[in-house]
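Peer 1: Using UniProt numbering, you'd call the opening residue of the sequence shown number 1 and step up by one each time.
This is the structure I have questions about; it appears just below.
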Amino acid sequence: MTEGQGWEAGARALWAKAGDPPHSLLGHLLDTAAVALTVLAREPKRTRALYAEDWGLSEEEALRFVAFLVALHDLGKATADFQGKWPEGAARVRAAGLSWEESLFQCTKPVPHGAYTEILLSTFFSQRLACKWAVDVGKALGAHHGFQAGPEDLIQAEDRLGLESEGWREARAWLVEQVAQALGVRSLPEGRCKPEGLLRLMALASFADWIASDPRFFSYGRDPLALGYWRDAQQRAESALDLIGWRVLSPRRPPSFDKLFPFPPNPLQAAVPEVLAGIREPVFLLVEAPMGVGKTEAALYAYLLLQSQLDHRGLYVALPTQATANGVFPRVRAFLERLDAGMPLDLQLQHGTSILNPEYRRLREKARLAEVYDEAEGVEGGVMASAWFSARKLAMLSRHGVGTVDQALLGVLKVKHHFVRLWGLMNRVVVLDEVHAYDTYTSGLIAALLRWLRALGSSVVLMTATLPRQKREELLRAWGALAPHLPPYPRVAVFSGGNLVGAKTLPLVEKRRLRVSEAPVDVETLAKLLKDRLPGALGVIVNTVDRAQALYQALGAGERLTLGGLLDIFGEVSNEGAWRDLRESRKGKADAVVGKRLGDGTLVFLLHARFPAEERALREAVALALFGKEGPRPGKAILVATQVAEQSLDLDFDLLYSDLAPVDLLLQRAGRLHRHPRSRPKVHAEPVLLVG
C-alpha cells in the first residue's frame, strides 16, 4: 500500500477505536478482513464451498471477496457524524483536511454508524460499479450490530452526509481500494446473492468484528500503511482463533458403534448406518421409535457418520426443557470424550441456568486451567467448555452444544443478532429430540427453523416416540421433502434433496407389557394408596404444581431431609454421575432441604418447575441419583413430580402413578416404569401404571 496526498491524509487520520493511542479505521478494516479470511480457512471445505456458491466464484476468489465485504462493515465510520463523536479524534481529522458543517452536531438524535454503512455501500457499489447485489449487501453489513437500520435513521443519515465537506467521498473510496489491494480483489461478481448467502455474510461480519475489536488480539496504534501490516494482521487472527478455540476439525472415518458405546448396537442403532450409506447431500433423518430404545445414541452415531460423509462442522442437540437438556448433556460429553479427537473439543450447555449444572461447571473449570497452564503443559485433548463461547450470543458458535430448543429458535425470531445464531447452526447436524412435546406455536417456529437449516446446508435428525402423522408431514414439508407412504412404526427414514432415499421398519426389542390400573384422584386417598404400595422406588407425575405440592403434603409430615443428611444415609457407595454432583454440592449446600423422611423411614421428594433455578437443579440431581440408572436405590422412596420428569430424565420407577393426560404423554411417562433391568421388590415384579 502506498501513501497518497491531499484528502488521503484525511482518510489516514480516520479513527475506528478511541484511545491512547487510537486505532485507525483502515487498520480495523484490515484486521476484520484478516479474521474473516482466517475463520473461513479453518472451516470445513463444505462450508467454504457454500460461500463460493453464494457468489458464483471459485473457492479462493470467494473467500477473498467475502473477506473484502466483511472488512467494509464499518465504512459508516468514515463519516463526519461518527468522526466527530470523539473530540481528540475529530481534531486530528479536521487538521488532516476533512471537515463538516457545525450544524451537523446540532442534531440531537444519534444515527448508528450501521445506517451509514448501508447507504454508503449501496451507493458505492451500485452507482460506481453497477453491482446488482449492492443494496442487499449494504443492508446485510449495515446490520452487523444486530439489527438493520430503520427508515428514520436512513433518512437522517442521508441528510447528514450532505453536511460533509469535499473529500469525504474520495476518502471512503480510498479506504475501499486499500482493502481491495490487500486482499487481491480485482473483479466483482455480477449476480444477486440468495438470502442464505446474505445471512452467512452478515453473521461472519459480526463475528469477525467482535474478534478484531478486542485489543487483547489486535492492539491499537499500529500503522496500517506500514510494510507487513497485512501479514501481521493475519498472524494475529491466527493467534486469536487459537486462543478462543476455533480450530480446524477434519472429518475422520468413524469407529464402529461398539467402540464408542459400552454396548453393541440394537436394531435401531444398526439401521442408522444402513440408511445413511452413500449419502452425498444434507439429510433429514426421521427416527420414530418407543421410549428407552437408545434414540439418543443412534442420533450421536448419525452425527459422526454425517460429519465424515458430508464434512459437517459440528453438532447441536435441542431438547424441550432445561431438565431434559441437563439429562442428555453428560451423555454427549461422554460420547465426545470417547472420540479421542487428539485436540480439545468444546461443548456448551445452552439454556438460562446452565451455570448451575455441576457437569458444565467442571468443563468450564477444565477450560480455564487449560488456558492458564497452556495446552502443552495441561490438557492436550478431551472435552471442555471455553469461557469465550459461554457468552450468550456466542454459545451457538461452539462446534458442539446441548441445550433447549428455544436457543436454536431464537435464530428465526426478530431478536438482536438472530442471524449469528443461525450461522452457528450452518453446516451442522441439528438433533431435535422429543419433538412430540411441542405445542402448536413452537411447532410453527420449528418449521421455520427447518427451512433455514436446509438452506444453510445443515442436516437434521428428528427423534420422536409419538409424533402424530399430520405434524410429521408438516415438518417434512418445511424441510422441503415429500411425505410418501412410510414403512410401519417403529421406523427410520432419511430424506435428501427433498426425496425419500431410505427407510426401514425396526424389529426392536421384545414387546413390553404393563398393567394399567385406575387410581383415585383425591390427594389424601392417593397418598394412602402410594404408601400402601411400598416398599420400592415409586414415581408420581401430576399435571400441575399445586397438585404436586398438595400430594407432597398429604403423604405426611416428616423430618426435614437435607443434602448432607441424604449423603450420610447412603455413604460413599457411588461417586459417579449425579452422586458425584451431589457430593461436590455438599461443600456449600449441606444444609439445603431436598425432601423429607417419614416416621417409617420412607424418603419423599418433590420436583417441579416453580422452584428457584438453583434449588431445582439440586433436586433434579437428587432425583437422578436415587431414581436413575446407576448407584444405590432407596428401599422406600416416593418422588412427586410434574411434567419435568416426563421426558429425557433417565428415571426408573418400580411403580408409577400419572394424572390422566393425552395418550402420547402417558406413553412418555410409562417409559419411566421398569426402564432398566434390575432387581426389584417382589410386589413390583410386574410393571404397573396407575392412572387417576
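Quick reminder that beta carbons are idealized off the backbone N, C-alpha and C, glycines included.
Please give me, in chain order, every unbroken run of the alpha helix (DSSP H) with length at least 4 that falls completely inside the segment 34 to 70.
Peer 2: As far as the segment 34 to 70 is concerned, its whole alpha helix (DSSP H) runs of at least 4 residues are 45 to 55.
Peer 1: For the pair the segment 439 to 449 and the segment 480 to 494, tell me if three or more CB-CB distances fall below 8 Å.
Peer 2: These segments do not touch.
Peer 1: Using CA atoms only, rank isn't needed, just tell me which of Ala240, Ala49, Gly162 is closest to Glu102.
Peer 2: Answer by Cα proximity: Gly162.
Peer 1: Considering Cα atoms alone, identify which of His684, Arg680, Leu655, Val683 is closest to Val691.
Peer 2: Nearest of His684, Arg680, Leu655, Val683 to Val691, Cα basis: Leu655.
Peer 1: Pick from Ser165, Val185, Pro267: whose alpha carbon is nearest that of Lys504?
Peer 2: Of the listed residues, the one whose Cα sits closest to Lys504 is Pro267.
Peer 1: Flag Lys85 as yes if its beta-carbon sits less than 7 Å from any beta-carbon of chain D, otherwise no.
Peer 2: Included in the structure is just one protein chain, with no chain D present.
Peer 1: What is the rounded straight-line gap between the Cα of Arg421 and the Cα of Gly457?
Peer 2: Straight-line Cα distance between these residues: approximately 15 Å.
Peer 1: Let's test the definition: count the other Cβ atoms within 10 Å of the Cβ of Thr117 and tell me whether it reaches 16, buried, or not, exposed.
Peer 2: So Thr117 ends up on the buried side.
Peer 1: Tell me which residues share the same chain as Arg678 and place their Cβ nearer than 6 Å to its Cβ, disregarding the 5 neighbours each side in the sequence.
Peer 2: Taken in chain order, the list of residues that qualify is empty.
Peer 1: So what does DSSP say about Lys528, is it helix, strand or coil?
Peer 2: Note: Lys528 maps to helix in three-state DSSP.
Peer 1: Using CA coordinates, which residue listed in Ala71, Arg247, Arg515, Leu243 is at the minimum distance from Val179?
Peer 2: Among Ala71, Arg247, Arg515, Leu243, the Cα nearest to that of Val179 is on Ala71.
Peer 1: Could you pull out every residue in the same chain whose Cβ sits closer than 7 Å to the Cβ of Gly601, ignoring the five residues on either side in sequence?
Peer 2: Once the five neighbours on either side are set aside, the close Cβ partners of Gly601 are Lys636.
Peer 1: Reducing DSSP to helix, strand and coil, say where Asn326 ends up.
Peer 2: The answer is helix: DSSP assigns Asn326 an H, G or I state.
Peer 1: By DSSP's criteria, Ala537 is part of a beta bridge. Which residues make up the other side?
Peer 2: In the DSSP output, where bridge partners are listed per residue, Ala537 has Ala637.
Peer 1: If you measure between the beta carbons of Asp313 and Leu260, is that distance less than 7 Å?
Peer 2: Before going further, note that residue 313 is Arg rather than Asp in the sequence given. Cβ distance not < 7 Å, so Arg313 and Leu260 don't count as in contact.
Peer 1: Spatial neighbours of Asp159 within its chain, please: CB distance less than 8 Å, with the 5 preceding and 5 following residues excluded, ordered by chain position.
Peer 2: Closer than 8 Å at Cβ, skipping near neighbours: no residue.
Peer 1: Grab me the residues of Val135's own chain with a C-beta within less than 7 Å of its C-beta, minus the 5 sequence neighbours each way, in chain order.
Peer 2: Ser122, Ser126, listed in sequence order.
Peer 1: With which residues is Tyr657 paired in a DSSP beta bridge?
Peer 2: In DSSP, Tyr657 forms a bridge with Val540, Leu690.
Peer 1: Confirm, please, whether the CB-CB distance from Gly167 to Leu98 is below 7 Å.
Peer 2: Contact flag set, yes.
Peer 1: When the Cβ atoms of the segment 638 to 650 are set against those of the segment 659 to 676, are three or more pairs found closer than 8 Å?
Peer 2: Cβ pair count under 8 Å is three or more, so yes.
Peer 1: Along the chain, where does the alpha helix (DSSP H) containing Glu177 start, and where does it finish?
Peer 2: Element bounds for Glu177: 168 to 183.
Peer 1: Mark Tyr441 as exposed unless 16 or more other C-beta atoms lie within 10 angstroms of its C-beta, in which case mark it buried.
Peer 2: Under this definition Tyr441 is an exposed residue.
Peer 1: Assuming Leu225 and Arg12 are in contact, meaning their beta carbons sit under 8 Å apart, how far apart are those beta carbons, in whole angstroms?
Peer 2: Between Arg12 and Leu225 the Cβ distance is about 7 Å, and since that is below 8 Å, they are a contact.
Peer 1: Answer with buried or exposed for Asp532, where buried requires no fewer than 16 other C-beta atoms within 10 angstroms of its C-beta.
Peer 2: It counts as exposed.
Peer 1: Any idea what DSSP makes of Arg672, helix, strand or coil?
Peer 2: DSSP places Arg672 in coil when its eight states are reduced to three.
Peer 1: Would you give the residue range spanned by the alpha helix (DSSP H) that Met202 belongs to?
Peer 2: Met202 -> alpha helix (DSSP H) spans 195 to 212.
Peer 1: Tell me whether the beta-carbon of Glu8 lies closer than 7 Å to the beta-carbon of Trp133.
Peer 2: No, they are not a contact pair.
Peer 1: When you compare each of Val494, Ala49, Leu30 to Gly278 by their alpha carbons, which one comes out closest?
Peer 2: Answer by Cα proximity: Val494.
Peer 1: Can you tell me where the alpha helix (DSSP H) holding Thr123 begins and where it ends?
Peer 2: Thr123 -> alpha helix (DSSP H) spans 113 to 123.
Peer 1: Should His28 and His144 be called a contact, given that it needs their Cβ atoms to be closer than 7 Å?
Peer 2: Not closer than 7 Å, so no.
Peer 1: Under a three-way DSSP split, which group does Lys393 fall into?
Peer 2: Lys393 falls in the coil class under three-state DSSP.
Peer 1: Can you pull the DSSP bridge partners for Lys583?
Peer 2: In the sequence on display, residue 583 carries Arg and not Lys. None, per the DSSP bridge assignment.
Peer 1: Just how far apart, CA to CA, sit Ala78 and Leu14?
Peer 2: So the alpha carbons of these two residues sit roughly 7 Å apart.
Peer 1: Helix, strand or coil for Arg680 per DSSP?
Peer 2: If DSSP states are grouped into helix, strand and coil, Arg680 belongs with coil.
Peer 1: How many angstroms separate the CA atom of Val328 from the CA atom of Leu347?
Peer 2: When rounded, the distance between both Cα atoms is 12 Å.
Peer 1: In terms of DSSP beta bridges, what is Glu288 paired with?
Peer 2: Its beta-bridge partners are Thr464, Arg491.
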